[in-house]
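Reading through the structure tokens given below for one structure.
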Amino acid sequence: MKADKSNGMSAAQTEYLKRCVRQKRIVRMWQWLLLLLFLFLWEGGARLGIINAFVFSSPVRIVKTIVSMSKDGMLWYHTGITLLETFASFFLILFLGIGCAVLLWWNETLSKVFEPYLVVLNSLPKSALAPVFIVWLGANMKTIIVAAVSVAVFGSILTLYHSFSEMEADKVMLIYTLGGTKKDALSKVILPGNIPTLISLMKVNLGLSLVGVIIGEFLAAKAGLGYLIIYGSQVFKLDWVITSIVLLCLISALLYQGISRIERRNTRSEHASH
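As structure tokens, this is what we get:
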């Protein structure tokens with residue numbers, strides 16, 4: 000088998016990498032083509048009267064709405080509020096998820112007591128809790144953040160706890176055999192070994208945080224993209240509604256890509272360490 004002298008890889012490995020690059024380019028090309036086709040059909044349908052432009056808007060109308068709302072700062076204000084609430088709830092979910100999962104892993108009795116309650120709370124429809132939060136906390140940002148946290152925190156705790164518990168017993172036993180403590184097992188084996196699980200959970204929780212924030216803004220907000228959707232539908236400014244939905248799609252895509260980049264860096268560092 001011939002080797003590539005420039006990088007030390009065999010010809011088969013080099014060809015495989017080239018195929019992966021080509022496939023990635025083809026996938027990316029089709030993704031953009033489908034997006035452009037969708038926008039073209041949407042705009043064309045609105046101009047030809049196939050769809051009602053007042054109800055469904057159009058790409059050109061959305062761009063004009065973004066420009067006009069950006070000039071008076073309205074768009075940035077509402078987007079900023081939604082992002083602030085999303086990041087606040089996301090980091091609270093992350094902190095509570097890791098902290099509670101560690102606590103349950105540390106104390107087996109505690110985990111057996113609380114696990115059934117966590118399962119029930121995780122399966123409870125969170126939208127049903129939002130009106131209760133409004134009564135308890137008032138119609139403010141705090142209520143929206145609590146509602147968003149409730150959407151994902153119980154599932155995060157259960158996922159991390161089960162991932163901690165299913166960690167390779169041989170590695171944990173080796174720590175104890177060498178005279179290590181439970182704290183050593185946590186810091187040397189459990190937490191480092193569950194970084195991929197944590198990153199995957201972060202990708203899910205970012206989307207759930209945004210969903211929870213929008214649910215909260217529908218019910219208890221005076222600002223934010225969720226509020227803009229509700230207000231726009233009430234005063235029949237449907238361009239505002241569709242523009243807000245498009246912005247939410249863009250935000251969720253950008254946040255997901257941000258976590259995916261962290262995941263790729265972690266994967267590369269793991270490969271480099273091996």
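Here numbering that gives the first Met the number 0 is used: the first residue of the sequence shown is 0, the next is one more, and so on. Don't be surprised by glycine CBs; every beta carbon is placed ideally from N, CA and C.
*From Phe86 to Ser208, what does the alpha carbon distance come to, in whole angstroms?*
8 Å
*Is Leu253 closer than 7 Å to His77 when the C-beta atoms are compared?*
no
*Lys182 lies in the alpha helix (DSSP H); which residues open and close that run?*
181-184
*asked:* Taking the alpha-carbon of Ala100 as reference, which of Lys125, Met28, Tyr160, Ala10 has the nearest alpha-carbon?
replied: Tyr160
*Go ahead and pull the three-state DSSP assignment for Ser57.*
coil
_Through-space distance from Trp31 to Asp183, alpha-carbon basis_ = 48 Å
*Mind checking which residues open and close the alpha helix (DSSP H) that includes Pro115?*
107-122
*Assumed close pair Ala146, Ile214 - CB separation to whole angstroms, cut-off 8 Å*: 6 Å
*asked:* Here's the rule I'm using: 16 or more other beta-carbon atoms within 10 Å means buried, otherwise exposed. How should Phe132 be labelled?
replied: buried
*Assuming Asn265 contacts Ile189 under a Cβ cut-off of 8 Å, what Cβ separation, rounded to an integer in Å, is found between them?*
Actually they do not touch by this definition, with Cβ atoms about 17 Å apart.
_Three Cβ pairs or more, each shorter than 8 Å: is that satisfied between the region 55-63 and the region 230-240?_
yes
*Using the beta-carbon count (16 or more within 10 Å), is Phe37 buried or exposed?*
exposed
*With DSSP collapsed to three states, give me the class of Asn139.*
coil
*asked:* So, for Asp169: in the same chain, excluding its five sequence neighbours on each side, which residues have a beta-carbon less than 6 Å away from its beta-carbon?
replied: none
*Which listed residue (Val134, Thr242, Met201, Ala222) has its alpha carbon closest to that of Tyr255*: Met201
_Just to check my reading of the structure: Leu224 and Leu246 have Cβ atoms closer than 8 Å, yes? What is that Cβ distance to the nearest angstrom?_
6 Å
*Selected residue, minimal CA-CA separation from Asn121, among Trp104, Leu34, Val148*: Val148
*Does DSSP put Asp71 in a helix, a strand or coil?*
coil
*For Ile143 versus Glu107, is the C-beta spacing smaller than 7 Å?*
no
*CB Leu117 to CB Phe153, shorter than 7 Å?*
yes
*How many angstroms separate the CA atom of Leu91 from the CA atom of Ile174?*
31 Å
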